[in-house]
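Colleague: In the numbering used here, the protein residues as written are 415 to 544. Here a beta-carbon is modelled for each residue, glycine too, at the ideal position from N, C-alpha and C. Dropping the structure in here first, questions after.
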């Protein structure tokens, strides 16, 4: 299921293409914090909002998302790599959400009762110009 359906603040994604939740993501970071407990995922999307936010680089071609998952009751991470391009998805799990990320080398799953977009930022990735 499209991960954007579980976000408690969907307005934060309103300027991105409507299919953004089905696109592959480039996972950069997973932070597990005992307070909450919470997990934060930082990943890139290969699209940018339209119109481009004024504070972003005019050449931005990537959107970086920080997704915060609160009240995490389960967390599993298998594998690791320097490049983690894969699919992020969610499934209802009772009164919570099961979040999953899968790439060739990495599988991450967690269970969270609240998922929120914490921040969006844009940058120019020259590798995307080729």
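Taking only three categories from DSSP, how would you classify residue 466?
Modeller: Reduced to three states, the DSSP call for residue 466 is coil.
Colleague: Using the Cβ count rule (16 or more neighbours within 10 Å means buried), how would you classify residue 458?
Modeller: Residue 458 should be labelled buried.
Colleague: Using a threshold of 7 Å, state whether the C-beta atoms of residue 440 and residue 499 are closer than that.
Modeller: Their beta carbons are under 7 Å apart, which means residue 440 touches residue 499 by this criterion.
Colleague: Could you give the distance in angstroms between the alpha-carbon of residue 508 and the alpha-carbon of residue 527?
Modeller: Distance between the alpha carbons of residue 508 and residue 527 is about 9 Å.
Colleague: How long is the line joining the alpha carbons of residue 475 and residue 435, rounded to whole angstroms?
Modeller: Distance between the alpha carbons of residue 475 and residue 435: 17 Å.
Colleague: What do you get for residue 432, buried or exposed, if any count of 16 or more other CB atoms within 10 angstroms of its CB means buried?
Modeller: That one is exposed.
Colleague: Taking 7 Å as the threshold (C-beta atoms), are residue 417 and residue 504 in contact?
Modeller: Yes; because the gap between Cβ atoms is below 7 Å, this pair is in contact.
Colleague: Check whether the Cβ atoms of residue 444 and residue 455 lie closer than 7 Å to each other.
Modeller: Yes. Within cutoff.
Colleague: Using a Cβ-Cβ distance under 7 Å, would residue 444 count as near chain B?
Modeller: Included in the structure is just one protein chain, with no chain B present.
Colleague: How would you write the range of the beta strand (DSSP E) that residue 527 sits in, first residue to last?
Modeller: Segment: none, residue 527 is in no beta strand (DSSP E) and carries neither H nor E.
Colleague: With distances taken between CB atoms, is the gap from residue 478 to residue 438 smaller than 7 Å?
Modeller: Cβ distance not < 7 Å, so residue 478 and residue 438 don't count as in contact.
Colleague: For residue 494 and residue 501, I'd like the C-alpha separation in whole angstroms.
Modeller: When rounded, the distance between both Cα atoms is 15 Å.
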